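Scroll down for the structure; my scribbles are underneath it.
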Amino acid sequence: MGAGSCVGRVGGLAVALGIGAAVLAGAGVAAADEGSDSSPTVSAPTSQTSQTSETPRKTLKERRALRNKPSAEGTAQNTNDEKPDADTRPVRTRNKLSVVARGAEPAAKAAKADEAHDTAETVVTPVVADTAVESAPAEVPATVRKPFWVKTPVLAHEDSEVTEQDPEPARVVTPLLDRIAAKRAAADAGGDPALPALASLVMSVVAAGREATTDAPATVGSELTTSQVADSYPIPEGVTVKEVHPPLFWLQRIPVLGTFVFTPIVRTLHALPLVGDALQPIIGFPLNRFDPPGTPQPKSYWVTSFDGTRIFVNVMPSLKFDEYGQAPTVLDGPGLGLPGSTSLALQNDSLLPFDVIGIGRLREAGYNVVTWDPRGEWRSGGIMHLDSPDLEGRDVSHIISFLSTLPYVKLDTTNDPRLGMVGASYGGGIQLSAAAIDHRIDAIVPTIAWNDLVDVLFPRGAVNSAWGTLLPAVLVLTLAREHPRILPVAVMGVLFGKVKQSDLDLVESFGFADQIKDITAPTLLIQGTVDTLFPLSQADANAKDLLAAGTTTKVIWYCGGHGACLSQPKRGEVILDRTMDWLNHYVMGDDTVSTGPEFEWTDQNGEWYSSEKYPVDNGTPIIATETKPKTIPFIPFLGGSGPDPRILFHGPLQTLLGIASAGPALNAVNLKVPPAQELTHIVGAPELTLTYSGKGNAKHVYAQIVDDKTGLVLGTQATAIPVTLDGATHEVTFSLEQVAHTLQPGESVTVQLVTSTIKFLNFYSWGRITVEGMTIELPTLATDAQPETISA
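Residue 384 in the UniProt record's numbering sits at position 384 of the sequence shown, and the numbers go up by one each step.
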């Protein structure tokens, strides 16, 4: 990708982030279009003390049926329509086949490999039907790995015959792929995506760089399936791979000039956020001339996925290896609209330094690091399906199978690399998606991820207009190739407050919420207390599903995410340290590393606390009631909640992310909670009971809690409360967004009910509401579960 293209991408992303400041489009109810037979996503309660009724989630079979409806492009189908029940799903175990235990002598490993070689031989069929390559017999030991300084070839450039350890024939998936390829030939055939063109000369270089190789695609034969969730998600047994040869990489090989001029320039470019990532196919990685001969070097590859889509993958080897020249691997997923990171030396993520660990720190700790451009974005082909397990999740499975063939990648067993995953936002969602269908993943650290996208964008039927404007803008300005029905969902919701039920069902069908229970990899869920896109409730839903399934799970709440941390200085070292501890324990296999208690959180003062269990045991709640009636009108923006002007003093990124933050409102009904009599920890979801009447077409009001000492809204969160303004009196009870707040003796909070907030801003709701009574119930920690301060 050329400089002009890079400017287009980076500039476009900056403009997209800025769009959230001018959210002029409305938000409203995610109801069905008039005249249709569909119904709203969630039914608002209109009678005595009730919660929102929720539409049952579609089964896996129904979700696939939705995906296969005729549209601008087809989607891939899987082998079977249904997954096994949770009781029968396979559990992730290591060394399922005949494998030498870790730490065994090389001679013992060789003996095992020879024994396996004598059992059976299977010719592995390439996964992509339209890129099949004639295979030539070539015996390859299944498990023997020589140190990197002994085994020079990293990638074979011809098909090979792979020796298996099991006499059973390998699964052949070519017929399935043929069917998928036929359905997706028009829109998702895996061809190279069109890149933004701002400078024709530079883009010519980009085009040359993408295909500048004399090597034919190599089919990397897998060595046998090690685990699979169901027949619907077979572990890939052959992956077509092509190494990328950047057209300007040769400049770094020029004597003297290459070492002292061009390589430093390339290294500097890769240290700049997005710049080096965008230019990677042209300039390549920095060349280190001082490495010992045979040392693995960072490289990029085209990895062909199950349906022919080519995924652009960056492999950055570890800086230290074991006695066999191998290291475990970490997959690092990018955020929405971002390419795979190529910053080799950074200790923290270049864009989210307090949220995501850097590639440099992982490599120094002894991990190979792999990044990639997700399907439908940047250099990867295909159509984006929002981290669908059936598409993006299977892309990751093919990347994993490819990694198992690299000589410096440590294996648990054949075709099963020792690996974990990290990443934030879109890079957090892909971890849940991939781990649900591929049990070769040993541990995941999904940061500020989600559970249900429909609930995120249309909570209780309200339209999250702030993020509903920003996210599509990012996709448009970075030239992402999303499913053609994704943008209409956001546009119709933001502009008119109406979304077709079929579109909501489609977005839900892309999700993985009903497959969280299939994850067996130990999971560290990190979620932001001030995240206005993916609030704490999203991680809470994931955590409860994982714990119910018996999966090792830890939850961390920190001041960060898709929002502005206004109450305390950022303390990213806690998040980065916990991430490294999780990887070192479950991926590196260091049992001496402690992963700490099951739940850790920070309050508004930046103090950290812990609990041995999640969720925490609640004590006697704080209850307060207001019975004085008050009537307020529905007025867009003026006198409403947010954005809090203090976001302007926390840097450009915090300002952009904080646009959807709630703030104290003037046009509000207030309920003041009496001051605390003792040290009180509020942890969890408050519950609001509202008695009201009114007239108008508005469908929601919004509740928030304000710290009387600082004037900050707890978590900068406003929660949508469905209402029916038909003149009759109604009483409803709803939970608010979860909070973590500490009250010292004498401190208090105030509950506000408002008719307009920046996160749910719209210009077509009108009417008035009379609040006749309001009761708040604040959850507190149980007396016998007082938190213990932890070292940060």
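We treat Cβ as the ideally placed atom computed from N, Cα and C, and that holds for glycine.
None of these values were measured; they are calculated from a predicted model.
*How big is the Cα-Cα spacing for Gly-428 and Ala-728?*
The sequence position of residue 428 within the sequence shown is 428, counting from 1. The sequence position of residue 728 within the sequence shown is 728, counting from 1. Gly-428 and Ala-728 have their C-alpha atoms spaced approximately 45 Å apart.
*Evaluate Arg-481 with the Cβ neighbour count: other Cβ atoms within 10 Å of its Cβ, from every protein chain shown; 16 or more gives buried, anything less gives exposed.*
Numbered from its first residue, the sequence shown carries residue 481 at position 481. Looking at its Cβ environment, which holds 16 or more other Cβ atoms inside 10 Å, Arg-481 is buried.
*asked:* What residue range does the beta strand (DSSP E) around Leu-525 cover?
replied: The residue given as residue 525 occupies position 525 in the sequence shown. From DSSP, the beta strand (DSSP E) with Leu-525 extends over 523-528.
_CA-to-CA distance, Gln-297 to Leu-251, given in whole angstroms_ = Counted from its first residue, the sequence shown places residue 251 at position 251. Counted from its first residue, the sequence shown places residue 297 at position 297. Leu-251 and Gln-297 have their C-alpha atoms roughly 17 Å apart.
*What's the C-alpha gap between His-270 and Asp-540?*
Reading the sequence shown from its first residue, position 270 is the one you call residue 270. Reading the sequence shown from its first residue, position 540 is the one you call residue 540. Straight-line spacing of the CA atoms in His-270 and Asp-540 works out to 36 Å.
*Secondary structure of Arg-440, DSSP reduced to three states*: Position 440 of the sequence shown, counted from the start, is the residue given in the question as residue 440. Arg-440 falls in the coil class under three-state DSSP.
*Give me the Cα-Cα distance between Arg-418 and Met-316, rounded to the nearest whole angstrom.*
Here residue 418 refers to the residue found at position 418 of the sequence shown. Here residue 316 refers to the residue found at position 316 of the sequence shown. Distance between the alpha carbons of Arg-418 and Met-316 is about 15 Å.
*Just mark Val-144 as buried or exposed, buried being the case when its beta carbon has 16 or more other beta carbons within 10 Å.*
If you number the sequence shown from 1, residue 144 lands on position 144. Its pLDDT being 40, under 50, Val-144 is placed unreliably in this model, and the value from its coordinates should be taken loosely. With 16 or more other Cβ atoms from the protein chains shown falling within 10 Å of its own Cβ, Val-144 counts as buried.
_Tell me the DSSP secondary structure of Ile-430 in three-state form._
Position 430 of the sequence shown holds residue 430. Helix.
_Per DSSP, cross-strand counterpart(s) of Asp-332_ = Mapped onto the sequence shown, residue 332 falls at position 332. Val-422, per the DSSP bridge assignment.
*If Thr-551 sits next to Thr-689, beta carbons under 8 Å apart, how far is it from one beta carbon to the other, in whole angstroms?*
In the sequence shown, residue 551 corresponds to position 551, counting from 1. In the sequence shown, residue 689 corresponds to position 689, counting from 1. Contact between Thr-551 and Thr-689 is absent: CB atoms are separated by about 35 Å, not below the 8 Å threshold.
*So what does DSSP say about Tyr-614, is it helix, strand or coil?*
Counted from its first residue, the sequence shown places residue 614 at position 614. DSSP, read as helix, strand or coil, puts Tyr-614 in coil.
*Glu-237: which of Thr-304, Pro-255, Leu-279, Ile-254 sits nearest, CA to CA?*
The sequence position of residue 237 within the sequence shown is 237, counting from 1. Here the closest residue by C-alpha is Thr-304.
*Assuming residue 835 contacts Ser-567 (C-beta within less than 8 Å), just tell me the rounded distance between them.*
Limits of the chain in this structure are 1 at one end and 792 at the other, which puts residue 835 out of reach.
*Can you check whether the CB of Thr-780 is closer than 7 Å to the CB of Gly-694?*
For the purposes of this step, residue 694 is identified with residue 694 of the sequence shown, where counting begins at 1. For the purposes of this step, residue 780 is identified with residue 780 of the sequence shown, where counting begins at 1. Cβ distance not < 7 Å, so Gly-694 and Thr-780 don't count as in contact.
*Three or more C-beta pairs closer than 8 Å, one from the stretch 355-371 and one from the stretch 490-509: is that the case here?*
Using a C-beta cut-off of 8 Å, the stretch 355-371 makes no contact with the stretch 490-509, since fewer than three inter-stretch Cβ pairs fall below that distance.
*asked:* Suppose you measure from the CA of Phe-249 to the CA of Phe-262; what does that come to, to the nearest Å?
replied: If you number the sequence shown from 1, residue 249 lands on position 249. If you number the sequence shown from 1, residue 262 lands on position 262. In this structure, the straight-line span from the alpha carbon of Phe-249 to that of Phe-262 is close to 9 Å.
_To the nearest angstrom, how far is the alpha carbon of Leu-583 from that of Gly-420?_
For the purposes of this step, residue 583 is taken as the residue at position 583 of the sequence shown. For the purposes of this step, residue 420 is taken as the residue at position 420 of the sequence shown. So the two alpha carbons sit approximately 7 Å from each other.
*Assigned secondary structure, Ala-698 (DSSP; H/G/I helix, E/B strand, else coil)*: Along the sequence shown, one-based indexing puts residue 698 at 698. Annotated three-state conformation of Ala-698 is coil, per DSSP.
_Residue range of the unbroken alpha helix (DSSP H) whose run includes Gln-501_ = One-based indexing of the sequence shown puts residue 501 at position 501. Taken as a continuous stretch (DSSP letters only), the alpha helix (DSSP H) holding Gln-501 covers 501-509.
_Cβ neighbours of Val-266 in the same chain (closer than 6 Å, five flanking residues each side left out)_ = Taking the first residue of the sequence shown as position 1, residue 266 is located at position 266. The residues Ile-283, Pro-286, in chain order, have a CB closer than 6 Å to that of Val-266 in the same chain once the five nearest residues on each side in sequence are set aside.
*Excluding five sequence neighbours on each side, which residues of the same chain lie with their C-beta closer than 7 Å to the C-beta of Leu-546?*
Taking the first residue of the sequence shown as position 1, residue 546 is located at position 546. Here the set comprises Ile-516, Ile-519, Thr-523, Thr-553.
*Are three or more beta carbon pairs between the stretch 479-499 and the stretch 340-347 nearer than 8 Å?*
No, the stretch 479-499 is not in contact with the stretch 340-347.
*Buried or exposed for Asn-348, please, with buried defined as at least 16 other CB atoms from any protein chain shown within 10 angstroms of its CB.*
As a working note, residue 348 is residue 348 in the sequence shown. Per the 10 Å Cβ criterion, buried.
*Whose C-beta lies closer than 7 Å to the C-beta of Pro-674 among residues of the same chain, with five residues either side of it excluded?*
Here residue 674 refers to the residue found at position 674 when the sequence shown is read from its first residue. Here the set comprises Ala-624, Ser-748.
_Just verifying my parser: in three-state terms, what is the DSSP assignment at Trp-766?_
Taking the sequence shown and counting its residues from 1, the one referred to as residue 766 is at position 766. In the three-state reduction of the DSSP assignment, Trp-766 falls in the coil class, being assigned neither a helical nor a strand state.
*Touch test, the stretch 606-626 against the stretch 717-728, Cβ-Cβ under 8 Å, three pairs minimum*: No, the stretch 606-626 is not in contact with the stretch 717-728.
*Distance between beta carbons of Ile-448 and Phe-534, contact taken as under 8 Å*: Along the sequence shown, read from residue 1 onward, the residue named residue 534 stands at position 534. Along the sequence shown, read from residue 1 onward, the residue named residue 448 stands at position 448. Contact check for Phe-534 and Ile-448: beta-carbon distance about 6 Å, within the 8 Å limit, so the pair qualifies.
*List the residues that DSSP assigns as beta-bridge partners of His-681.*
Locating residue 681 in the sequence shown gives position 681, counting from the first residue. Paired residue(s): Thr-742.
_So if DSSP puts Trp-557 in a beta bridge, which residue, or which two residues, is it bridged to?_
Taking the sequence shown and counting its residues from 1, one reaches residue 557 at position 557. Paired residues: Gln-527, Trp-601.
_Which of helix, strand or coil DSSP assigns to Trp-608_ = Here the question's residue 608 lines up with position 608 in the sequence shown. Of the three classes helix, strand and coil, the one that applies to Trp-608 here is strand, per DSSP.
*For Leu-781, which three-state DSSP category applies?*
For the purposes of this step, residue 781 is taken as the residue at position 781 of the sequence shown. Correct three-state label for Leu-781: strand.
_When Asp-412, Asp-455, Ser-465 are compared against Arg-440, the one with the closest alpha-carbon_ = Taking the first residue of the sequence shown as position 1, residue 440 is located at position 440. Looking at the Cα atoms, Asp-412 is the closest of the given residues.
*Would you check if the distance between the CB atom of Val-241 and the CB atom of Tyr-301 is smaller than 7 Å?*
In the sequence shown, residue 241 corresponds to position 241, counting from 1. In the sequence shown, residue 301 corresponds to position 301, counting from 1. By the CB criterion at 7 Å, Val-241 and Tyr-301 fall inside the cutoff.
_Residues near Ala-665 by beta carbon distance below 6 Å, same chain, minus five either side_ = Within the sequence shown, numbered from 1, the residue matching residue 665 stands at position 665. The residues are Gly-640, Ser-641, Gln-752, Val-754.
_Could you check whether Gly-497 and Asp-531 sit closer than 7 Å to each other, using their CB atoms as the reference points?_
Taking the sequence shown and counting its residues from 1, the one referred to as residue 531 is at position 531. Taking the sequence shown and counting its residues from 1, the one referred to as residue 497 is at position 497. Not closer than 7 Å, so no.
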